[in-house]
Structures are given as structure tokens and as C-alpha cells.
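Since the structure comes first, as C-alpha cells, the remarks are kept for the end.
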Amino acid sequence: MGSNLSYARINSNGVLTGAGNLNQGVIANALQMNPILPVYNPNIPGGYTYEHDRKEGIQNPVAEALEYIAVTNTSRLLGNAFAEYELISNLNFRTSFGIDAVTTKASTFGPNFLRQAESSGGEASVSDLQALTWLNENTLTFNHSFNDTDRLTALA
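Quick note: the sequence shown uses the working numbering, first residue 7, plus one each step.
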């Protein structure tokens, strides 16, 4: 008999950092934002500078990093167990069972003053994922020695 079990829980609170297809991440925006523009502007809703004098569609990377909320919590359980029994002489039965269970909950919130949420008037989402995969294997093995040189092994 044997078994193996592992559990992992990952909590993340992050921001989009890649060069996404619809919304660029904070790194791409920081590289493209005009460095002489101030980060904050108290005369604009939200208090951040959004106007860019070189290119449209650039988001204020500080605003995106501080104001956009993206929280994900994931739990995962991986395990397997097996047992072997000798049913009769030369005939063994082995059974094994494996499980992979994942639960993820993701929440996002973008206030309406952020460029990526501006067109929708702000955005919020909550998503849940629950996945369960299991595997059960059963085998019979027959081993017989007829003499010192002849053996028969059959697996079903």
C-alpha cells in the first residue's frame, strides 16, 4: 500500500503586467507614458493624469497599479493511493486511485475613471471554477515460473 497527497493554496493580488491584446499592462504603459507629465491631477476624476501628448490609449500606469483590483484565490489537492493484494498464488490484484481537485475564485474591480474601464462606466467581475478529475486503475498480474528458464507473465 502507498499514498501521496499534496495541497497548495495560492492567493494573489496583482495587476496586469503583460502587453495584453485589449489592455496593455502597467509595464508597457510606463514605458510609453511621457515621463515629464505629472502622475496626479486633482482636477480630473480619480485624481490621475490621463492625457498623453504623444500617443492615444496610454493608461496611467500608477493609476492602473493602485486602483485596479484583481484578486485570485486557488486551492488544489493532488493525491494518489494504491494497494496490492495476492488473490491466489501467482495472481496479484493492484488498484490505484488518483485525484486532482481545483477551486479558484477570481474577483476584479476597475473604477470608471480608469482608461481600461472608462468605456463601460466601470467594471467588476467574480468568477468561480471548480474542477475535479479522478482516475481509478485496476490490474491483474499473473506470474508463473515453469522452470529456471521459462516464465510467464500476463497483465490484464
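C-beta atoms are modelled at their ideal positions from N, C-alpha and C, and glycine is treated no differently. Keep in mind it's a predicted model, so treat the numbers as computed, not measured.
{"Item": "If the criterion is Cβ atoms closer than 8 angstroms, does the pair lysine 111 and asparagine 149 meet it?", "Value": "no"}
{"Item": "Count the other CB atoms within 10 Å of the CB of arginine 121; is the residue buried (16 or more) or exposed (fewer)?", "Value": "buried"}
{"Item": "Measuring only the C-alpha atoms, how far is asparagine 47 from isoleucine 33?", "Value": "21 angstroms"}
{"Item": "Terminal residues of the continuous alpha helix (DSSP H) containing asparagine 35?", "Value": "32-38"}
{"Item": "Can you name the residues that DSSP bridges to leucine 53?", "Value": "The sequence given here has glycine at residue 53, not leucine. None; glycine 53 has no bridge partner."}
{"Item": "What do you reckon, are the CB atoms on serine 81 and arginine 15 nearer than 8 angstroms?", "Value": "yes"}
{"Item": "Are the CB atoms of glycine 104 and serine 12 nearer to each other than 8 angstroms?", "Value": "no"}
{"Item": "Can you tell me which of Gly31, Leu146, Thr139 puts its alpha carbon nearest to the alpha carbon of alanine 71?", "Value": "Gly31"}
{"Item": "Which of the three DSSP states, helix, strand or coil, is assigned to asparagine 108?", "Value": "Correcting the residue type first, residue 108 is valine in the shown sequence and not asparagine. Strand, per DSSP."}
{"Item": "Between which residues of its own chain and glycine 128 is the CB-CB distance below 7 angstroms, once the five residues before and five after are set aside?", "Value": "Gly116, Pro117, Asn118"}
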